[in-house]
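Accompanying notes for the structure given below.
Numbering (the working numbering), first residue to last: -7 to 116.
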């Protein structure tokens, strides 16, 4: 286990060194900041993730604990499950195609974003 941890640490250092180049940082600082909303899964708060996001000009917003109602993807899953409950699937391929079609139908609607943003802003 100790050896595995050392390898992981070396890999993390390499990732940060590769990202932490002046030309990458300068180019990304001129871009609009990307905002990513996350739940509180421990991996989302790992130092590597935080460092990489700082370098890549990404702002992380962690939702409050136990608040799936604020997590937009949870609402998407809920809608997809409800939609797909009416189907019998002959093949996995059909299930995947139906899932993908419904997923993009939901997330590509303007109302999806507007409703979520207004809900999130009201809470914060």
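The beta-carbon is built from N, C-alpha and C at its ideal position, and this holds for glycine as well.
Checklist entry - So what does residue 52 bridge to, in DSSP terms? => result By one-based count along the chain shown, residue 52 stands at place 60. Its beta-bridge partners are 28.
Item to check | Inter-residue spacing [alpha-carbon to alpha-carbon] between residue 87 and residue 69 | outcome: Taking the chain shown and counting its residues from 1, one reaches residue 87 at position 95. Taking the chain shown and counting its residues from 1, one reaches residue 69 at position 77. If you draw a straight line from the Cα of residue 87 to the Cα of residue 69, it is about 14 Å long.
Checklist entry - I think residue 29 touches residue 55, with their Cβ atoms under 8 Å apart; what is that distance to the nearest whole Å? => result Numbered from 1 along the chain shown, position 37 holds the residue referred to as residue 29. Numbered from 1 along the chain shown, position 63 holds the residue referred to as residue 55. Correct: roughly 7 Å between the Cβ atoms.
Item to check | Nearest residue (CA-CA) to residue 129, options 25, 76, 43 and 36 | outcome: Beyond the ends of the chain as shown, which are -7 and 116, falls residue 129; an answer cannot be given.
Item to check | C-alpha distance - residue 25 paired with residue 50, whole-angstrom precision | outcome: Within the chain shown, numbered from 1, the residue matching residue 25 stands at position 33. Within the chain shown, numbered from 1, the residue matching residue 50 stands at position 58. Residue 25 and residue 50 have their alpha carbons spaced roughly 6 Å apart.
Checklist entry - Where in the segment 68 to 112 do unbroken runs of the alpha helix (DSSP H), each at least 4 residues long, occur, reported from the N-terminal end onward? => result With a minimum length of 4 residues, the continuous alpha helix (DSSP H) runs that stay inside the segment 68 to 112 are 84 to 99.
Next on the checklist: Given this structure, state the Cα-to-Cα distance separating residue 62 from residue 31, to the nearest angstrom.
Outcome noted: As a position in the chain shown, residue 62 is number 70, starting the count at 1. As a position in the chain shown, residue 31 is number 39, starting the count at 1. In a straight line, the C-alpha of residue 62 is about 9 Å away from that of residue 31.
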